[in-house]
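First comes the structure, then the notes that go with it.
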Ligand code: KG4
Ligand code: ZN
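In my numbering, the protein residues as written are 4 to 355.
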């Protein structure tokens, strides 16, 4: 079964064709990230306009790379939420129109759930893709770490899961992005903080970790503020110094040390939560999903801490993509009803 996936929840316009939830036939992503970099974060209006410009060429490329005609497509899957309302609307309206005109079944997919399904795409025939042989088995513990979400979820089966814990404030990717802004590093913050951290000492700046009642919950807002305070102290200023002045006052060595200390503390928080849950629930598999799954520091700390090797998506499938949307729709067919192409809506704050 070939499913065409469409993803437009944030700043990536993506389309992909996935066969039987696993075989990646195409994976096309047009990002408007460069347009947002000047603003230090995603500008919703710019993102929506960019989706409108890119969606048709991206879809055409996804079909042609997959050497697939419309006759071969069995269903269309689209992100219905969570995400930016204007961005979601472009994908959903495109998918609805195609479902009607091409007469295909339509599935509305939860973006956060879909990140987990990046790990089911095991056979990627495109050049430069690594084969990820091990498909997740249930019960499966998932750590979902993206720019919008930080959740620990125990899956007993497709659509049968329990959220063990989540962030009380900022998502971990969001904390990376905000710390990057404090240090004057480019957006998106994850890769730029990781890069700066390579030259820093992770033990140089003492940063706090939150103590929460639920052992599987997370909190990153205090950590981000601690980086701000440490930065102000390092440049000899007090708490009233606006953060916008820090990038030019901090030297490269201080930025590297702050980046390394922040990254190591944030990652340790994730690893400790996941380790506790792994000990308690003894899952058959552990999967990491979302943009922060690309973090080399996270991968290294997890390797040392967990009793079993976690499954990661292919690097290109860690951040937002449409292949995961198609894979999620495939595996969730038994639990999800088909969407009505005449009235599928968008759900900006859809939760799991
Ligand atoms: O899953 P994603 O593409 O979008 C959302 O659904 O949010 O995740 C994007 C997030 C950004 O916050 C970005 O800074 C973070 O993933 N990220 C990383 C790395 N690469 C991307 N965070 C830490 N280390 C990385 N190497
Ligand atoms: Zn995402």
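By construction, the Cβ of each residue, glycine as well, lies at the ideal position given by its N, Cα and C atoms.
Under 8 Å between C-beta atoms of residue i and residue j
i           : j           : result
residue 290 : residue 313 : yes
residue 157 : residue 286 : yes
residue 205 : residue 229 : no
residue 114 : residue 82  : yes
residue 85  : residue 12  : yes
residue 301 : residue 347 : no
residue 223 : residue 173 : yes
residue 167 : residue 303 : no
residue 252 : residue 186 : no
residue 190 : residue 293 : no
residue 125 : residue 138 : yes
residue 308 : residue 278 : yes
residue 332 : residue 110 : yes
residue 327 : residue 121 : yes
Ligand 2 heavy atom lying under 7 Å from the CB of residue i
i           : result
residue 220 : no
residue 278 : no
residue 173 : no
residue 149 : yes
residue 198 : no
residue 39  : no
residue 161 : no
Residue i CB to nearest heavy atom of ligand 1 below 7 Å
i           : result
residue 295 : yes
residue 13  : yes
residue 203 : no
residue 268 : no
residue 191 : yes
residue 176 : yes
residue 47  : no
residue 54  : no
residue 206 : no
residue 322 : yes
residue 350 : no
Length of the line joining the Cα atoms of residue i and residue j
i           : j           : result
residue 3   : residue 160 : Any question about residue 3 goes unanswered here, given that the chain covers just 4 to 355.
residue 132 : residue 25  : The predicted position of residue 132 is uncertain, since its pLDDT is 49 and thus under 50; no value can be drawn from it.
residue 306 : residue 234 : 31 Å
residue 345 : residue 78  : 15 Å
residue 88  : residue 351 : 5 Å
residue 93  : residue 50  : 10 Å
residue 258 : residue 101 : 48 Å
residue 321 : residue 197 : 15 Å
residue 112 : residue 208 : 41 Å
residue 176 : residue 250 : 20 Å
residue 18  : residue 28  : 11 Å
residue 21  : residue 66  : 11 Å
residue 5   : residue 76  : 5 Å
residue 59  : residue 108 : 19 Å
residue 54  : residue 188 : 26 Å
residue 106 : residue 118 : 27 Å
residue 74  : residue 7   : 12 Å
residue 70  : residue 14  : 26 Å
residue 134 : residue 319 : At residue 134 the pLDDT is 48, less than 50, meaning the model places this residue with poor confidence and gives no usable figure here.
residue 16  : residue 45  : 13 Å
residue 255 : residue 270 : 22 Å
residue 264 : residue 200 : 8 Å
residue 226 : residue 68  : 44 Å
residue 91  : residue 52  : 12 Å
residue 283 : residue 194 : 32 Å
residue 192 : residue 179 : 5 Å
residue 147 : residue 275 : 14 Å
residue 231 : residue 62  : 42 Å
residue 336 : residue 153 : 25 Å
residue 202 : residue 37  : 25 Å
residue 355 : residue 315 : 20 Å
residue 80  : residue 9   : 6 Å
residue 181 : residue 103 : 42 Å
Residue range of the unbroken beta strand (DSSP E) whose run includes residue i
i          : result
residue 9  : 5-10
residue 18 : 15-22
residue 83 : 78-84
The alpha helix (DSSP H) enclosing residue i, as first and last residue numbers
i           : result
residue 192 : 192-200
residue 227 : 224-237
residue 31  : First-last for residue 31: 26-34, but that is the beta strand (DSSP E), not the alpha helix (DSSP H).
residue 95  : 88-104
residue 214 : First-last for residue 214: undefined, no H or E at that position.
residue 349 : Note, residue 349: premise wrong, no alpha helix (DSSP H); not H, not E.
residue 3   : Absent from the structure is residue 3, since the part of the chain shown begins at 4 and ends at 355.
Start-end ranges of the alpha helix (DSSP H) lying completely within the region 246-287, minimum 4 residues: 249-252 and 255-284
Quick one: which unbroken beta strand (DSSP E) runs of 3-plus residues sit fully inside the region 285-330? Chain order, please. Complete beta strand (DSSP E) runs here, min 3: 288-292.
Just list the alpha helix (DSSP H) runs in the region 107-176, keeping only unbroken ones of 4 residues or longer that don't cross its boundaries, in chain order. 114-120
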